[in-house]
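> First to last, the sequence lines map onto chains A and B.
So the first sequence is numbered by the numbering used here: it starts at 1317 and just counts up by one.
So the second sequence is numbered by the numbering used here: it starts at 12 and just counts up by one.
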Amino acid sequence: DAGITQSPRHKVTETGTPVTLRCHQTENHRYMYWYRQDPGHGLRLIHYSYGVKDTDKGEVSDGYSVSRSKTEDFLLTLESATSSQTSVYFCAISEGGDTQYFGPGTRLTVL
Amino acid sequence: AQSVTQLDSQVPVFEEAPVELRCNYSSSVSVYLFWYVQYPNQGLQLLLKYLSGSTLVKGINGFEAEFNKSQTSFHLRKPSVHISDTAEYFCAVSRGSNYKLTFGKGTLLTVNP
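1. Check whether the Cβ atoms of B/Asn52 and B/Thr83 lie closer than 7 Å to each other.
2. Quick one: grab the DSSP three-state call for B/Gln35.
3. Look at the alpha carbon of B/Phe153 and the alpha carbon of A/Tyr1380, and state the distance between them as a whole number of angstroms.
4. In the structure shown, what three-state DSSP assignment does B/Gln13 receive?
5. Is there at least one Cβ from chain A nearer than 7 Å to B/Leu59's Cβ?
6. Near B/Val104, what residues of its chain come up, given a Cβ to Cβ distance below 6 Å and the 5 sequence neighbours on each side ignored?
7. Report all residues from its chain with a CB closer than 6 Å to the CB of B/Glu75; omit the five preceding and five following residues, and keep chain order.
8. Beta-carbon of A/Pro1420 versus every beta-carbon of chain B: anything under 7 Å?
9. For the segment 43–100 of chain B, which segments carrying the beta strand (DSSP E) assignment without a break, of at least 3 residues, lie completely within its bounds, in sequence order?
10. Quick one: list the residues of chain B neighbouring A/Phe1406, beta-carbon separation under 8 Å, in chain order.
11. Consult DSSP for A/Gln1353 and reduce its assignment to one of helix, strand or coil.
12. What span of residues does the beta strand (DSSP E) with B/Asn123 cover, start to end?
13. So, under 8 Å CB-CB, A/His1363 and A/Val1382 are touching, yes? Tell me the CB distance rounded to an integer number of Å.
14. Run through chain B and tell me which residues come within less than 8 Å of A/Tyr1415, C-beta to C-beta.
15. Anything in chain A within Cβ reach of B/Gly9, meaning under 8 Å, just list it in chain order.
16. In whole angstroms, what is the alpha-carbon distance linking A/Thr1398 and A/Val1328?
17. What residues in the segment 1344–1360 of chain A bring their beta carbon closer than 7 Å to a beta carbon of chain B?
18. Along the chain, where does the beta strand (DSSP E) containing A/Gln1322 start, and where does it finish?
19. So which residues of chain B does A/Tyr1380 contact, with C-beta pairs closer than 7 Å?
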């Protein structure tokens, strides 16, 4: 398995609070991605990174920001969490741009 | 833009029966195609992928898929399923140059004894 960890694995928070999810890889892969998974929607791309300090938006980026200051870490921040951001969040990594490998996920509940 | 349609949201089958999970895609350019599997409360695991070459692709756990360019399809098949194949299966497509995956909404395969 690709060396990808996500933290925390579970989080319950309240509307309006900031939340940061962390993705850490030990594979030294160039590309990193954040997805959210919701019933009936599959996985949708939030943001991705193609190198340190290089990031871009995905299809559902509103309300989310990301940062990548080191190759191994990709942070997803919800500046002010809303109930619509209750979801399971997956991080993925890729080296050559074709195959992506996924982390175990973070289940976030916003009350 | 690219899109993926998984034609069945749920597929129930009996153990040892054959199964086909259908996937159609739309894209104006050449694509890479993938099938991922997600077991309950786990992340996604790559089953198989088509990048180029032979249109019949074999993956892990006895699964295979066939790329059909004229029908823009990439259906997943297994000749005899096991209880342990119960999971959700996702088809995904990417344009080779942009490194972003677009997923279908998933097909829940339930294998009954």
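From the three backbone atoms N, C-alpha and C, an ideal C-beta is built for every residue, glycine too.
No experiment lies behind these values; they were computed from the predicted model shown.
On the basis of the data shown:
1. Within the second sequence, residue 52 of chain B is the residue found at index 41, counting from 1. Within the second sequence, residue 83 of chain B is the residue found at index 72, counting from 1. Cβ distance not < 7 Å, so B/Asn52 and B/Thr83 don't count as in contact.
2. Residue numbering aside, residue 35 of chain B sits at position 24 when the second sequence is read from its first letter. Rather than Gln, the amino acid found at residue 35 of chain B in this sequence is Asn. Here B/Asn35 sits in strand by DSSP.
3. The structure shown has nothing for residue 153 of chain B, since chain B only spans 12 to 124.
4. Translated into the one-based positions of the second sequence, residue 13 of chain B becomes position 2. It is coil, neither helix nor strand.
5. For the purposes of this step, residue 59 of chain B is taken as residue 48 along the second sequence, with counting starting at 1. No - not a single Cβ of chain A is within 7 Å of the one on B/Leu59.
6. One-based indexing of the second sequence puts residue 104 of chain B at position 93. Correct list, in chain order: Gln13, Val15, Tyr36, Val42, Leu44 and Thr113.
7. Sequence index remark: in the second sequence, residue 75 of chain B carries index 64 (1-based). So the list reads Lys69 and Arg88, once near-sequence residues are dropped.
8. Here residue 1420 of chain A refers to the residue found at position 104 when the first sequence is read from its first residue. It does: the Cβ of A/Pro1420 has a partner Cβ on chain B nearer than 7 Å.
9. 55–61, 67–69, 75–79 and 84–89
10. Position 90 of the first sequence, counted from the first residue, corresponds to residue 1406 of chain A. Per Cβ cutoff of 8 Å: Gly54 and Leu55.
11. Locating residue 1353 of chain A in the first sequence gives position 37, where the first residue counts as 1. It is a strand residue.
12. Here residue 123 of chain B refers to the residue found at position 112 when the second sequence is read from its first residue. Start and end: Thr118 to Asn123.
13. Looking up residue 1363 of chain A in the first sequence gives position 47. Looking up residue 1382 of chain A in the first sequence gives position 66. Contact holds; Cβ gap of about 4 Å.
14. Residue 1415 of chain A sits at position 99 when you count from the first residue of the first sequence. Checking the sequence, you will find Thr at residue 1415 of chain A rather than Tyr. Those within 8 Å of A/Thr1415 in chain B are Phe45, Leu57 and Lys60.
15. This structure cannot settle anything about residue 9 of chain B, because the visible part of chain B is limited to 12 through 124.
16. Working through the first sequence from its first residue, we reach residue 1398 of chain A at position 82. Working through the first sequence from its first residue, we reach residue 1328 of chain A at position 12. Between A/Thr1398 and A/Val1328, the C-alpha separation is close to 12 Å.
17. Tyr1347, Gly1356, His1357, Gly1358 and Leu1359
18. The residue labelled residue 1322 of chain A in the question sits at position 6 within the first sequence. Residues Ile1320 to Ser1323.
19. Within the first sequence, residue 1380 of chain A is the residue found at index 64, counting from 1. Within 7 Å Cβ-Cβ: nothing; A/Tyr1380 doesn't reach chain B, min ~16 Å.
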